[in-house]
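Read the structure below first, then the notes.
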Amino acid sequence: MSLPSLRLRAVNDLAVRPDGAYVLYWMIAQRRTRWNFALQYAADQARALGRPLLVFEPLRVGYRWASRRLHAFVIDGMRDQRAACAAAGVAYLPYVEPAAGAGSGLLAALAAEACLVVTDEYPCFFLPQMVAAAGRRLPARLEAVDGNGLLPLRASDRAFPPAAGFRRHLQATLPPHLELFPAADPLASVSGPPAVVPPAILARWPAADLDDPGLLDHLPIDQTVRETLRGGATTAEARLDDFLVDGLPRYGELRSHPDADAASGLSPWLHFGHLSPHAIVDRIFAAEGWHPGRLGKVTGSRAGWWGLSATAESFLDELVTWREVGFGFCFHRPDDYFTFDSLPDWARATLTEHAVDPRPVLYDRETLAAARTHDPLWNAAQTELVRTGRMQNYLRMLWGKKVLEWSRTPAEALDTLIELNNRYAIDGRDPNSYSGIFWTLGRFDRPWGPVRPIFGTIRYMSSENTARKLKLAGYLARFGVDQPRLL
70 MSLPSLRLRA VNDLAVRPDG AYVLYWMIAQ RRTRWNFALQ YAADQARALG RPLLVFEPLR
130 VGYRWASRRL HAFVIDGMRD QRAACAAAGV AYLPYVEPAA GAGSGLLAAL AAEACLVVTD
190 EYPCFFLPQM VAAAGRRLPA RLEAVDGNGL LPLRASDRAF PPAAGFRRHL QATLPPHLEL
250 FPAADPLASV SGPPAVVPPA ILARWPAADL DDPGLLDHLP IDQTVRETLR GGATTAEARL
310 DDFLVDGLPR YGELRSHPDA DAASGLSPWL HFGHLSPHAI VDRIFAAEGW HPGRLGKVTG
370 SRAGWWGLSA TAESFLDELV TWREVGFGFC FHRPDDYFTF DSLPDWARAT LTEHAVDPRP
430 VLYDRETLAA ARTHDPLWNA AQTELVRTGR MQNYLRMLWG KKVLEWSRTP AEALDTLIEL
490 NNRYAIDGRD PNSYSGIFWT LGRFDRPWGP VRPIFGTIRY MSSENTARKL KLAGYLARFG
550 VDQPRLL
C-alpha cells in the first residue's frame, strides 16, 4: 500500500540521489518495527531504488528532563529493534550519546551516503525544531512521515479547543483513513544484502553496546529518576494482550477506579512509539468483527458511532478522540501549546480574575515533588508518579486541580505541573500529557458553575469527593499514608 499523501512532508527541497548507498530511516518518535508508516515508506523507497535500508535510532543526552528512567525505557526498545532488524536482514545502528554534543555530525555523515533520509513527524517537545534544523543542514533529501494517530495531522485545518467539536470532526473525517492502516510488518518486504555503515563513521561514533549493564551509569542525565517500567515493543504487546483479555471488558465501568486496574496503562509505550495506535485498533476491530459498514451517523456523541461494544467505544474515545485532539493542538499551535496563553479565552479570563483570591495553603515545588502536603490522596498520586513513572488517569485530574489550588498564581501552577509531569512521567513531554495538564485549567473543557474562589468557572474537584467515588483502599495501601482520613 502506498503512503497516504497527507502523511508525507518534504522537509527540504533536495533531490533523491539514486546512486546513494542506502535509504536511511532516522527513527526518532515511532520507535518500533511494526505498524510503522515511516519505516514502511523507507522500505518501499529502498525497494524502488534497489538500495538497502539502514535504520538509525539515536538517543541524545542534552535534552531537558533527560533521566535514567527515560533512557532505560528507550534502550529497552532499542534491543527489540535490534532483534527485529537482525531477523529481517536489515542493518540497524543504535547510538547512545555519551556526552552532550558527542553525536553532532553523525546524522549528516550518514545522510551524505544516503539516497534520501526518512524520519518521523512528531508535533511536540524538541522534535519539530530538531527535524527542521536537520532539513536545513543535511546534505540529502529529508522527508517526514506522520504516523502519530489514526487521523493524519494534516486532515484537520485547525486546533479544536473543545473536545466535543473535534469528536464531530473526527467522525466526519476519519472513515477513509480506517482503511489505510500501515503494514503490520514493513520489514517483510525488504530483501537483498544489508546496508554497510562506512567504517570511518563507526570509528568516530561507535554503535551503542545495548548489552552493557553499565551503559547508563556514567551518562550526564538525571541519575536520581530511576528506571521503573520496561520499555520496548515486546513488553508493550504483552501489556496490550493483558488489557484486551482482562481490562477492556471492565473498562467502561471501572477504568476510573485505581483498585480495579481496568485502565489500559499503555500510554508509556504509546509515547515512545513502542506501540502503534493502529495495532491496538486492529486488535479490537478483529475481536469484534468490525467493518466500515458498522459506522454510525456523525453526531459527535461519545458512544454509538464506531459500531462496537460499549466498552470498546469508551476506550476508543480515549485512545482516538482524546489522544488525537491533543496531537492536533500541538501540531497547529507549535509555538504556544505549552503556555498559559494557549488556554481558551474564557479559562484565561476566569483564572486571571481569581488569581488574587486567597489560597487555603501554599506549597513550593520541592514540597509537592516530595509528596509532603496535608492531602493524603494527592500525596499518594504524586508518590505513584515518582515511584512508577505513571499516574492513574482519574487521580491525575485531581492532582492537577489541587496544584492550581495550592499555587500563588495559575501560571505558577502550570509551570509546576509541567515540571513534575515531564520529569517523572514516562509518558510526559507528549501531546496527550500536555492535554491532561491543560485540561485541569480549562483546555478542551467548558465553564462550570457555581463560581468558586481560585477556580472561577474552571471545573472543580476535591479529594473528599474523589475518595467517596473511587475504590482506593488498595491504592492507598500501596502509595499512601494516613488512609483513615479519607476512607
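One gets the numbering used here by counting positions in the sequence shown from 1 and adding 69 to each.
Ideal placement from N, C-alpha and C gives every residue a C-beta, glycine not left out.
Keep in mind that this is a model prediction, so the values were computed, not measured.
Who pairs with residue i in a beta bridge, going by DSSP?
i	result
residue 136	291
residue 187	94, 212
residue 160	123
residue 77	214
residue 521	525
residue 350	Note: residue 350 sits in no beta bridge, so no partner.
residue 165	128
residue 244	DSSP output for residue 244 lists no bridge partner at all.
residue 513	231
Check each candidate in the options and name the one with the smallest Cα separation from residue i.
i	options	result
residue 507	453, 423, 409	409
residue 163	196, 195, 129	129
residue 371	548, 237, 228, 159	237
residue 361	251, 473, 122, 247	247
residue 189	178, 204, 158	204
residue 291	536, 207, 168	168
residue 166	373, 283, 479, 276	276
residue 284	324, 142, 150	142
Could you name the residues of the same chain whose beta carbon sits closer than 7 Å to that of residue i, not counting the 5 residues immediately before and after it, in chain order?
i	result
residue 267	182
residue 321	379, 380, 383
residue 406	398, 399, 503
residue 414	none
residue 180	93, 186, 207, 208, 209
residue 319	329, 331
residue 243	219, 220
residue 424	478, 479
residue 170	131
Look at residue i and residue j and say whether their C-beta atoms are less than 8 Å apart.
i	j	result
residue 512	residue 294	no
residue 110	residue 187	yes
residue 81	residue 345	no
residue 298	residue 262	no
residue 449	residue 334	no
residue 440	residue 455	yes
residue 340	residue 495	yes
residue 421	residue 432	no
residue 489	residue 438	yes
residue 367	residue 219	no
residue 369	residue 198	no
residue 515	residue 231	yes
residue 279	residue 148	yes
residue 256	residue 153	yes
Output the distance between the C-alpha atoms of residue i and residue j, rounded to the nearest integer angstrom.
i	j	result
residue 554	residue 531	Any reading at residue 554 needs caution, since the residue's pLDDT is 44, under 50, leaving its predicted position unreliable; the model's value is listed next. Going by the C-alpha atoms only, they are around 14 Å apart.
residue 254	residue 348	11 Å
residue 460	residue 214	30 Å
residue 156	residue 502	35 Å
residue 394	residue 229	7 Å
residue 175	residue 281	22 Å
residue 209	residue 312	43 Å
residue 539	residue 547	15 Å
residue 543	residue 286	34 Å
residue 556	residue 522	Confidence at residue 556 is low in this model, with a pLDDT of 37, below 50, so its placement is unreliable and the value that follows should be read with caution. Whole-angstrom Cα-Cα distance: 26 Å.
residue 386	residue 226	21 Å
residue 89	residue 184	4 Å
residue 125	residue 117	20 Å
residue 557	residue 477	Residue 557 cannot be examined here, being either before or after the span of the chain that is shown, 70 to 556.
residue 245	residue 375	13 Å
residue 458	residue 326	19 Å
residue 273	residue 401	39 Å
residue 473	residue 417	13 Å
residue 464	residue 328	12 Å
residue 85	residue 196	23 Å
residue 178	residue 112	21 Å
residue 541	residue 97	38 Å
residue 534	residue 526	18 Å
residue 493	residue 200	25 Å
residue 134	residue 108	28 Å
residue 150	residue 300	12 Å
Can you give me the Cβ contacts of residue i inside the same chain, cut-off strictly under 8 Å, excluding the 5 residues immediately before and after it?
i	result
residue 444	471, 532
residue 412	420, 507, 510, 511, 512
residue 353	313, 317, 359, 377, 381, 384, 385
residue 212	77, 78, 79, 80, 110, 185, 186, 187, 188
Keeping to the same chain, check which residues put their C-beta closer than 6 Å to that of residue i; ignore five residues upstream and five downstream.
i	result
residue 552	Here the model assigns residue 552 a pLDDT of 45, short of 50, so the residue's position is not dependable and the matter cannot be decided.
residue 101	302, 342, 343
residue 305	338, 343, 344
residue 356	none
residue 191	98
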